[in-house]
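Protein chains in written order, with our numbering: chain A, 26 to 352; chain B, 1166 to 1393.
I have placed the structure first, in the form of structure tokens, so that the comments after it can refer back to it.
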């Protein structure tokens, strides 16, 4: 039976929300294709190379760490629809870098030889692991796709490219969104533990981390122009849209002074940003041309935008938020 | 002892991959990648694709003081196809460090991992600052809400998101005699084989102008709902 493999990032002691979206999409696909859905977690075990934990194929998780946390993760993945859970143990410190977890992830790929590998597009490891996974198995790669269809489910990206059940070859998909599924009640699922001797790639040394400035944000940015910042109707609609997209607001010091954006969200005039998606509202004074995807609201488009909305800004934004909330 | 990212003669050879097509909106990030590459002595800029793009790449590389290599081809390839082209150029140049202009086009970041896989190098994506000393490359990369500080000790593929100076208009580039042309055959690549990584031809996407179409575009970004 074909394997659909979902990479699960952890957010503290629970699966990352984007990974659970990927799991939901994987569940829809696996059910449609008659495939087995594996959810794989990479966990740190400082004693992995001693062989103290032999590979296990039982329902009992013998894993390092707090037992309640482990059970909570297992239960969340079972509710999310996983048929089987794979835990890859590595001596490396877990970090969202191929150099840290790539070897352990490779062991999972070698074990399962999946036909479809799914990541949450907004999960921390997706950027580093997704493309390299695809290259390693010679797969097609889809950036930000979602499951579509009811009986014959496919994963389709914004360009219209899709992964279907009868396609030949492997595919790697970064899932951007998925409809929530009804919780699965099958709590009796297999857990497979893979133990990997060795750890991280010493060529990449993680020396430390600090909070990133907003100008370095790579997710979704809503950039607000001073020309619209003081309109209460627009401000309310902006916040509503930011909530539905999980976006960060950025603006000028003037926008911060009236409370539309936080003090830490002020971006200097002319500063360049390169997020995955920028929604520019009015005429923000920052350079948004580095955005992977750019939507303009209230200024009628411009060079190489992906979309634009003209007309009353507050009404357009509120309606846009409502439509997205309903999806 | 020779540092791990050096060739046997002790040199660190650096190439910067500019990709197969011009930036979508601004050459600011292309210039930033070239400027970062110029901090390494003797770095070479590499581009592939159609002639107008190669001319632009050669022009911007020359302004940054870099030599350039162009691979003229009409092929439209996926992430792995272009990575195969760049990996072949890197072998030809004996490059041990490959920088990638990750920000100029949305699909480019995927080529970082693919290039690293094909060259058996370490990889680092989303790098926003880069500095180099005799033995180590120091980088900072964004990872969600964090800025990670990283030291790179060996052969690596590094995806850059470093802006250059703001630029509104730039002179139309003329064909550059300084760019070294390498065709696919010279790289040991068979276009017929490479075409297996080809993408179907597509019309340029039109900007979405209605609320429904914009909502469709944004639908893959909707945040997970609480409890889902």
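For each residue, glycine too, the CB sits at the ideal point set by N, CA and C.
Within its chain, find whatever has a CB closer than 7 angstroms to the CB of residue 103 (chain A); leave out the 5 residues flanking it on each side and keep chain order.
As a position in the first chain, residue 103 (chain A) is number 78, starting the count at 1. Counting only Cβ-Cβ distances below 7 angstroms, and skipping sequence neighbours, we find 209, 211, 212 and 214.
Residue 249 (chain A), enclosing beta strand (DSSP E) - first and last residue: Locating residue 249 (chain A) in the first chain gives position 224, counting from the first residue. Run containing residue 249 (chain A): 245 to 249, per the beta strand (DSSP E) assignment.
ask   = Just the Cα atoms here: how many angstroms apart are residue 1281 (chain B) and residue 285 (chain A)?
value = Walking along the second chain from the start, residue 1281 (chain B) turns up at place 116. Walking along the first chain from the start, residue 285 (chain A) turns up at place 260. Straight-line Cα distance between these residues: approximately 42 angstroms.
**Study point:** residue 1252 (chain B): contacting residues in chain A (beta-carbon distance under 9 angstroms)
**Key:** Stepping through the second chain from its first residue, residue 1252 (chain B) is reached at position 87. The contacting residues do not exist; residue 1252 (chain B) stays about 10 angstroms from chain A at best.
Requested in this report: Mind listing the chain A neighbours of residue 1311 (chain B)? Cutoff is C-beta to C-beta under 8 angstroms, in chain order.
Outcome: As a first step, residue 1311 (chain B) must be located in the second chain, where it is residue number 146. The contacting residues are 234, 235, 236 and 237.
What would DSSP say about residue 217 (chain A), mapped onto helix, strand or coil?
Taking the first residue of the first chain as 1, we reach residue 217 (chain A) at position 192. In this structure, residue 217 (chain A) counts as strand in the three-state DSSP scheme.
Checking contacts by CB at 8 angstroms: is residue 34 (chain A) closer than that to chain B?
Mapped onto the first chain, residue 34 (chain A) falls at position 9. For residue 34 (chain A), the answer is no, since every Cβ of chain B falls outside 8 angstroms of its Cβ.
**Report entry** Distance, residue 181 (chain A) Cα to residue 1324 (chain B) Cα
**Finding:** Here the question's residue 1324 (chain B) lines up with position 159 in the second chain. Here the question's residue 181 (chain A) lines up with position 156 in the first chain. Answer to the nearest angstrom: the Cα atoms are 26 angstroms apart.
- Item | Coil, strand or helix - residue 81 (chain A) by DSSP | By 1-based counting over the first chain, the position of residue 81 (chain A) is 56. Its pLDDT being 47, under 50, residue 81 (chain A) is placed unreliably in this model, and the coordinates cannot settle the point.
*Return the CA-CA distance between residue 168 (chain A) and residue 310 (chain A), expressed in angstroms with no decimal places.*
On the first chain, position 143 is the one that residue 168 (chain A) refers to. On the first chain, position 285 is the one that residue 310 (chain A) refers to. Cα to Cα, the separation comes out at about 29 angstroms.
_Given 8 angstroms, three or more beta-carbon pairs between the stretch 1340 to 1349 of chain B and the stretch 1231 to 1247 of chain B_ = yes
message: Assuming residue 1194 (chain B) and residue 299 (chain A) are in contact, meaning their beta carbons sit under 8 angstroms apart, how far apart are those beta carbons, in whole angstroms?
response: The residue labelled residue 1194 (chain B) in the question sits at position 29 within the second chain. The residue labelled residue 299 (chain A) in the question sits at position 274 within the first chain. Confirmed, about 7 angstroms.
In chain order, what are the residue ranges of uninterrupted alpha helix (DSSP H) at least 4 long that sit wholly in the stretch 1271 to 1338 of chain B? 1274 to 1284
Looking at chain B, is there any beta carbon in it that lies within less than 8 angstroms of the beta carbon of residue 139 (chain A)?
Position 114 of the first chain, counted from the first residue, corresponds to residue 139 (chain A). False, the Cβ-Cβ gap to chain B never drops below 8 angstroms.
How close, in whole Å, do the beta carbons of residue 1278 (chain B) and residue 157 (chain A) come, if the pair is a contact with beta carbons under 8 angstroms?
What you label residue 1278 (chain B) is simply residue 113 of the second chain in a count that begins at 1. What you label residue 157 (chain A) is simply residue 132 of the first chain in a count that begins at 1. Rounded, the Cβ-Cβ distance is 3 angstroms, consistent with contact.
Checklist line | Of the residues A:140, A:53 and A:146, the one placed nearest residue 106 (chain A), counting alpha carbons only | finding: Residue 106 (chain A) sits at position 81 when you count from the first residue of the first chain. For residue 106 (chain A), the nearest C-alpha among the options comes from A:53.
Quiz item: So is residue 1389 (chain B) buried or exposed if we call it buried at 16+ other beta carbons inside 10 Å?
Solution: Taking the second chain and counting its residues from 1, the one referred to as residue 1389 (chain B) is at position 224. By the neighbour-count rule (16 or more Cβ atoms within 10 Å), residue 1389 (chain B) is buried.
query: How is residue 133 (chain A) classed by DSSP in three states: helix, strand or coil?
result: Indexing the first chain from 1 puts residue 133 (chain A) at position 108. Residue 133 (chain A): helix per DSSP, three-state reduction.
message = Please report the distance separating the alpha-carbon of residue 325 (chain A) from that of residue 335 (chain A).
response = Indexing the first chain from 1 puts residue 325 (chain A) at position 300. Indexing the first chain from 1 puts residue 335 (chain A) at position 310. Cα-Cα distance, rounded: 6 angstroms.
### Task
Establish whether the CB of residue 124 (chain A) and some CB of chain B are separated by less than 8 angstroms.
Position 99 of the first chain, counted from the start, is the residue given in the question as residue 124 (chain A). True, the Cβ-Cβ gap to chain B drops below 8 angstroms.
query: Quick one: any contact between the stretch 1307 to 1316 of chain B and the stretch 233 to 251 of chain A, if contact means 3 or more CB pairs under 8 angstroms?
result: yes
- Message: Whole angstroms are fine: how far does the CA of residue 294 (chain A) sit from the CA of residue 352 (chain A)?
- Response: Sequence index remark: in the first chain, residue 352 (chain A) carries index 327 (1-based). Sequence index remark: in the first chain, residue 294 (chain A) carries index 269 (1-based). Each residue's Cα considered, the two are about 35 angstroms apart.
*Could you say which of A:308, A:141, A:43 and A:230 lies nearest to residue 162 (chain A) if we only look at CA atoms?*
Along the first chain, read from residue 1 onward, the residue named residue 162 (chain A) stands at position 137. Residue A:141 is the option with its Cα nearest to residue 162 (chain A).
Consider the Cβ of residue 307 (chain A): report whether some Cβ of chain B lies at a distance smaller than 8 angstroms.
-> For the purposes of this step, residue 307 (chain A) is taken as the residue at position 282 of the first chain. No, residue 307 (chain A) lies away from the interface with chain B (no Cβ there is under 8 angstroms from its Cβ).
**Report entry** Alpha carbon of residue 312 (chain A) to alpha carbon of residue 155 (chain A), nearest angstrom
**Finding:** For the purposes of this step, residue 312 (chain A) is identified with residue 287 of the first chain, where counting begins at 1. For the purposes of this step, residue 155 (chain A) is identified with residue 130 of the first chain, where counting begins at 1. So the two alpha carbons sit approximately 29 angstroms from each other.
When the distance is taken between beta carbons, is residue 1270 (chain B) closer than 8 angstroms to residue 1184 (chain B)? Within the second chain, the letter at position 19 stands for residue 1184 (chain B). Within the second chain, the letter at position 105 stands for residue 1270 (chain B). In this structure, residue 1270 (chain B) lies closer than 8 angstroms to residue 1184 (chain B) by Cβ.
request  = Check each residue of the stretch 1172 to 1194 of chain B: if its Cβ is closer than 7 angstroms to any Cβ of chain A, include it; give the result in chain order.
outcome  = 1189, 1190, 1191, 1193 and 1194
Which residues share a DSSP beta bridge with residue 36 (chain A)?
Locating residue 36 (chain A) in the first chain gives position 11, counting from the first residue. Per DSSP, A:39.
With DSSP run on the structure shown, which of helix, strand or coil describes residue 118 (chain A)?
-> Taking the first residue of the first chain as 1, we reach residue 118 (chain A) at position 93. In this structure, residue 118 (chain A) counts as coil in the three-state DSSP scheme.
* Asked: Given 8 angstroms as the limit, is there contact between the stretch 1359 to 1379 of chain B and the stretch 333 to 349 of chain A, that is, 3 or more CB pairs closer than that?
  -> yes
Between which two residues does the alpha helix (DSSP H) holding residue 344 (chain A) run? Translated into the one-based positions of the first chain, residue 344 (chain A) becomes position 319. Residues 338 to 350.
Examine chain A for any beta-carbon lying closer than 8 angstroms to the beta-carbon of residue 1385 (chain B), and answer yes or no.
Taking the second chain and counting its residues from 1, one reaches residue 1385 (chain B) at position 220. Chain A contact via Cβ: present.
TODO: Give a yes or no on whether 8 angstroms exceeds the smallest Cβ distance from residue 1243 (chain B) to chain A.
DONE: For the purposes of this step, residue 1243 (chain B) is taken as the residue at position 78 of the second chain. Yes, contact with chain A.
How do the stretch 1247 to 1258 of chain B and the stretch 1216 to 1233 of chain B stand: do at least 3 beta-carbon pairs fall below 8 angstroms, yes or no?
no
_Any beta carbon of chain B sitting closer than 8 angstroms to that of residue 349 (chain A)?_
Locating residue 349 (chain A) in the first chain gives position 324, counting from the first residue. At least one chain B Cβ lies under 8 angstroms of residue 349 (chain A).
query = residue 26 (chain A): buried (16+ other C-beta within 10 angstroms of its C-beta) or exposed?
reply = For the purposes of this step, residue 26 (chain A) is identified with residue 1 of the first chain, where counting begins at 1. The residue is exposed, with fewer than 16 neighbouring Cβ atoms inside 10 Å.
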